[in-house]
Structures are given as C-alpha cells and as structure tokens.
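Visitor: Below: one structure in structure tokens.
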Amino acid sequence: MEFDFKIFTLNCWGIPLIAKDLKDRFEAIAEVLAKSDYDCVCLQEVWTEGLYQHIKNKISGSFPYGHYFYSGSLGSGICMFSKYPIIDVYFHQWAVNGYIHKIHHGDWFGGKGVGLCKLRLNKYLVNVYTAHLHAEYNREHDEYKAHRIIQAFDTAQFIQLTSGNADLVVLAGDLNTEPGDLAYKLLLTVPGLTDSFVEAQFSGNIKTTNESLCNSYTPSKLKKQEVCGKRIDYIMFHPGSNSQIYLKKYQMPLEDRVPNRHFSYSDHEAVSVVLHIKDDMAHTPSNHSNEKISALEESIDVLEEELDRLRTHKIFYWLCGIFSFCFFFVTIFIDVPSTFSIPYNIFRSFLAIAALFSICMATIWNSIETSAVLGSLGSMKIIFKN
434 MEFDFKIFTL
444 NCWGIPLIAK
454 DLKDRFEAIA
464 EVLAKSDYDC
474 VCLQEVWTEG
484 LYQHIKNKIS
494 GSFPYGHYFY
504 SGSLGSGICM
514 FSKYPIIDVY
524 FHQWAVNGYI
534 HKIHHGDWFG
544 GKGVGLCKLR
554 LNKYLVNVYT
564 AHLHAEYNRE
574 HDEYKAHRII
584 QAFDTAQFIQ
594 LTSGNADLVV
604 LAGDLNTEPG
614 DLAYKLLLTV
624 PGLTDSFVEA
634 QFSGNIKTTN
644 ESLCNSYTPS
654 KLKKQEVCGK
664 RIDYIMFHPG
674 SNSQIYLKKY
684 QMPLEDRVPN
694 RHFSYSDHEA
704 VSVVLHIKDD
714 MAHTPSNHSN
724 EKISALEESI
734 DVLEEELDRL
744 RTHKIFYWLC
754 GIFSFCFFFV
764 TIFIDVPSTF
774 SIPYNIFRSF
784 LAIAALFSIC
794 MATIWNSIET
804 SAVLGSLGSM
814 KIIFKN
C-alpha cells in the first residue's frame with residue numbers, strides 16, 4: 434500500500450495588540466486552508482484561543498480534527514489540524530524558555546514546548562510534531578543560545594523516544610535556528626531527521642522563510658541590506674522501521690500578498706511538502722552518527738560554558754541583592770523632610786524590589802536554569818559515550 438501525505442506549516446504572527454492586520458490576516462489564512470487539500474496543518478503563534486477557534490470553525494469542513502496545545506500563561510501558541518483522526522496527543526514543555534523579566538521578548542510567558550499528534554492514515558501511523566523554539570533576538574550576542582540548544586536537544590530526544598511504532602515521523606514549525614546552527618544539527622542528527630528543503634534541492638526564488646525581500650512586513654532597512662532573510666521554518670521527516678518515504682514536492686505555497694490586499698499572510702513564509710509513503714520491510718535507517726557526535730561535542734562545550742556563566746550570574750545577583758537590602762535597611766533610620774517623603778519612599782520601594790528580584794534570580798531562577806543545563810549535559814554525555 435502507498436500513500437501521499439501533504440503537510441503545511443506557518444508561523445501566523447498572531448500576537449494581540451502587536452501584530453499588524455491581525456484579524457484580516459487570520460481570515461485570509463483560514464480561507465486558504467479551507468480550500469486546500471493538505472492532510473495536516475501545523476500553525477505557530479496562534480496566541481489566543483479565540484484565534485484558534487476562529488480558524489477551526491472556518492476550516493472544519495476540510496479539517497474535521499484539530500488540537501490546541503495549552504501551556505504557560507498565554508498558551509503555547511501551537512496547534513494542529515488534520516483530515517485524518519487524531520488518535521493521541523501529548524505536549525512536552527521545555528525546562529527553560531527565556532526569562533520572566535524580559536517582558537519585551539515574551540517567550541517565557543508562552544510556556545513553549547513540542548506538541549505531538551498521532552494520526553491514523555488508513556493502515557499507517559503518522560507522528561506529527563510541531564514546535565516553536567526560542568527566538569534569536571541578536572545573532573552576534575545571543576543570550577538565548579544555550580536555551581535554544583537545550584530546547585532542540587529536548588525536542589530531538591522526545592521525537593526519538595516516542596516515535597518507535599510510527600510509519601512516518603514529521604517535525605514542522607518555526608524552529609528559530611538557521612541551517613548549520615547547533616540547534617539545527619541536533620534536531621536533524623539525534624532523531625535522524627531529513628530537512629525537506631535540502632532533500633528537494635530547492636531552487637525557487639524564495640529561499641528564506643523570515644525577513645524575506647518579498648514580505649510586506651520585512652522592515653525596509655533590512656531589505657536594503659545585501660543579505661536579507663533567513664530560513665528558520667522547516668518540515669523535517671524520517672521513515673519508520675518498515676516504510677520508505679520519498680519527498681515528492683517542496684513548496685512555499687502562499688503568494689507574496691493576500692489577494693487584493695497590500696499585506697502578506699504573516700511575517701513568515703509558509704512551507705508545504707508532499708511525502709510519499711510505502712511499505713519497505715527491508716528499510717535501513719539513515720545514519721547521522723558522525724554529524725551527531727560533532728553536534729553533541731559542540732553542544733556540550735556550549736552548555737559547560739553556560740554553567741560557568743550561571744555561576745558568575747549567581748555571584749553577581751547575590752551581591753546586588755545584598756547591596757540593595759543593606760541600603761534599604763539603612764534608609765529605615767534616615768528621616769527626610771516631608772516635602773521629599775514621596776520620592777524617598779518610591780526610592781525605598783525600588784531598593785526593596787531590587788533586593789527581592791536579585792535574590793530570586795540568585796536562588797530560584799539560577800537553580801532552574803542550572804538544573805536544565807545539567808540535565809541536558811548528562812543526557813548528551815551518555816549519548817556521546819555510546
């Protein structure tokens with residue numbers, strides 16, 4: 434028996450109050466999906482249940498099965514729709530995901546992780562994973578590099594440990610890592626995935642999925658640069674032990690603009706692929722052993738450096754906390770004229786908040802990060818030795 438499996442992924446840029454043309458864009462995305470012939474759709478940055486329900490209602494005729502992965506204070510932002518029955522679901526939240534006080538980045542509040550939907554396609558069992566890794570806000574000084582490596586390794590292990598009986602394994606989403614990055618290498622080599630873009634030897638005009646020259650939301654200052662855009666949205670796959678998978682088609686299927694409108698569907702480009710699945714009892718799994726060893730070795734070095742950084746941060750925050758607390762304690766015995774009482778009390782409140790924040794960062798938060806790094810390091814070293 435043979436079968437074609439068509440899958441679509443898009444980061445929808447659905448941030449309320451921030452994302453431009455939000456309502457109109459989601460309406461346009463829903464219209465495209467309702468008319469499509471995909472078997473599975475993976476969406477990221479669908480940050481409210483209202484947005485999810487809107488799309489679900491619009492496309493229910495084409496995709497009768499859907500699931501939203503709830504997590505964190507805002508929801509994970511990821512969801513999945515399918516033409517075929519979803520027989521099982523699971524969401525695995527990552528141990529680290531940015532910082533609570535970096536409100537302008539906001540990743541922490543999403544409670545991000547990797548979602549799994551198991552689909553039954555006639556006789557075939559397909560595991561579809563979708564994820565949205567921590568954003569890279571500054572490539573030259575990436576404070577979240579270790580977090581993203583941990584997330585990628587965690588996702589790779591999760592795929593490897595839960596895909597044993599699947600005939601086809603697919604990972605789709607905005608992975609916020611570029612080809613050649615450590616997180617990218619881990620996602621490919623640990624579970625033995627294949628990047629559909631590379632497999633297709635894609636030669637279309639658009640080779641970037643974010644900050645593209647063709648996208649209406651790419652800032653004009655970026656479009657003026659010689660090198661613009663990056664490929665961070667992927668569909669990766671590998672066959673099960675008794676099946677063969679062939680890539681039939683790789684596309685970036687959406688037009689540059691919503692028809693009759695001046696804006697694009699999102700600030701990301703969509704990706705879709707067609708995978709052909711057939712039985713193969715003599716299938717030999719792909720071997721990424723050398724690449725995997727190299728990626729693990731590099732990742733171990735990065736995480737060991739991260740441990741040193743966390744030790745330094747712990748000392749720094751303890752010193753800030755002790756200094757702020759001592760200064761606050763001294764102000765208890767200082768009397769000021771009534772005309773300065775309000776600004777003085779504001780200053781004392783600031784010292785108290787600074788002391789509490791610094792002590793929390795030196796203890797609770799530092800311990801959470803350290804535990805996550807040590808956990809991933811331990812797992813990596815076990816795999817590396819074997």
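Mapping of the sequence shown onto our numbering: residues 434 to 819, in sequence order. Yeah, the Cβ is synthetic: ideal placement off N, Cα and C, and Gly gets one too. Note that the coordinates shown come from a computational prediction; the quantities given were computed from them, not determined experimentally.
Is V559 helix, strand or coil when you go by DSSP?
Guide: Correct three-state label for V559: strand.
Visitor: When DSSP labels each residue in this structure, what does Q526 get in the three-state scheme?
Guide: Looking at Q526 - three-state DSSP - the assignment turns out to be strand.
Visitor: Give the DSSP bridge partners of L784, in chain order.
Guide: L784 is not bridged to any residue.
Visitor: Who are the Cβ neighbours of A599 in its own chain at under 7 angstroms, not counting the five residues just before and after it?
Guide: Correct list, in chain order: L558, V559, N560, G673.
Visitor: So, for F591: in the same chain, excluding its five sequence neighbours on each side, which residues have a beta-carbon less than 6 angstroms away from its beta-carbon?
Guide: For F591, where only same-chain residues beyond five positions count, the Cβ hits under 6 angstroms are H525, V547.
Visitor: Using only CA atoms, which one of C445, K711, Y517 lies nearest to G510?
Guide: The residue with the shortest Cα to Cα distance from G510 is C445.
Visitor: Going straight from the alpha carbon of N723 to that of N819, what length do you get?
Guide: Looking at the two C-alpha atoms, the distance is approximately 12 angstroms.
Visitor: Report the partner residues of S722 according to the DSSP bridge assignment.
Guide: S722 pairs with nothing; no bridge assigned.
Visitor: Mind the definition here: the segment 723–737 touches the segment 449–456 only if three or more C-beta pairs lie below 8 angstroms; say whether that holds.
Guide: No, they do not touch.
Visitor: Is it buried or exposed, D571, if we count other Cβ atoms within 10 angstroms and call 16 or more buried?
Guide: Here the sequence assigns Asn to residue 571, which means Asp is not the residue at that position. By the 10 Å Cβ count, N571 comes out exposed.
Visitor: Pull the bridge partners of T627 from the DSSP assignment, please.
Guide: According to DSSP, which records beta bridges pairwise, T627 is partnered with F670.
Visitor: Taking 6 angstroms as the limit between beta carbons, can you name the residues of its chain near C473, skipping five residues before and five after?
Guide: I440, S515, V561, listed in sequence order.
Visitor: Using 8 angstroms as the threshold, is the segment 681–690 in touch with the segment 608–618, meaning 3 or more CB pairs across them?
Guide: As far as the Cβ criterion goes, the segment 681–690 does not touch the segment 608–618, which means the pair count is below three.
Visitor: Which word fits V522, buried or exposed, when buried means at least 16 other C-beta atoms lie within 10 angstroms of its C-beta?
Guide: Answer is exposed; the Cβ neighbour count stays below 16.
Visitor: Mind checking who Y498 pairs with in its DSSP beta bridge?
Guide: Looking at the DSSP assignment, Y498 forms a beta bridge with S515.
Visitor: Here's a check: name, in chain order, each residue in its chain whose Cβ is nearer than 6 angstroms to the Cβ of S495, leaving out the five neighbours to either side.
Guide: The residues are A467.
Visitor: Pick out whichever of S732, I519, H574, D628 has its Cα sitting closest to the Cα of K551.
Guide: The shortest C-alpha separation from K551 is found at I519.
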